[in-house]
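A.B. asks: For reference, each letter of the sequence shown is one residue, going 30 to 99 in our numbering.
Ideal Cβ positions, reconstructed from N, Cα and C, are used throughout, including at glycine.
I have a structure here, written as structure tokens, and I will follow up with some questions on it.
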Amino acid sequence: KEAKEKSEGKRLEDVPIVRVFPEVFLEDLPGIPPARQVEFQIDLVSGAALVARAPYRLAPSKMKELAEQL
Numbered sequence: 030k031e032a033k034e035k036s037e038g039k040r041l042e043d044v045p046i047v048r049v050f051p052e053v054f055l056e057d058l059p060g061i062p063p064a065r066q067v068e069f070q071i072d073l074v075s076g077a078a079l080v081a082r083a084p085y086r087l088a089p090s091k092m093k094e095l096a097e098q099l
């Protein structure tokens, strides 16, 4: 009930991605789908360190591109 009330006041024009790329979306969209409650979640352990792994093998050109993006 609470999630449905939140989405009722929103319009499609309020979604930033629709304003930035209007040519991608249909002109006659029916609207925003109703908000749904989250049924699943991933519980994180506070203070847990990330797993240190070597990246998978890439061609040198792809590895350079990956390094630039990170």
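If you follow the alpha helix (DSSP H) that LEU87 is part of, which residue opens it and which one closes it?
C.D. replies: Here residue 87 corresponds to residue number 58 of the sequence shown, with the count starting at 1. Note, LEU87: premise wrong, no alpha helix (DSSP H); not H, not E.
A.B. asks: One question on the structure: do LEU87 and LEU95 come within less than 8 Å of each other, judged by their Cβ atoms?
C.D. replies: The residue given as residue 87 occupies position 58 in the sequence shown. The residue given as residue 95 occupies position 66 in the sequence shown. A contact, by the Cβ cut-off of 8 Å.
A.B. asks: How big is the Cα-Cα spacing for LEU41 and ARG82?
C.D. replies: Here residue 41 refers to the residue found at position 12 of the sequence shown. Here residue 82 refers to the residue found at position 53 of the sequence shown. So the two alpha carbons sit approximately 42 Å from each other.
A.B. asks: For the alpha helix (DSSP H) that ARG82 lies in, which residues bound it at each end?
C.D. replies: As a position in the sequence shown, residue 82 is number 53, starting the count at 1. Where ARG82 is concerned, there is no enclosing alpha helix (DSSP H), given that its DSSP letter is neither H nor E.
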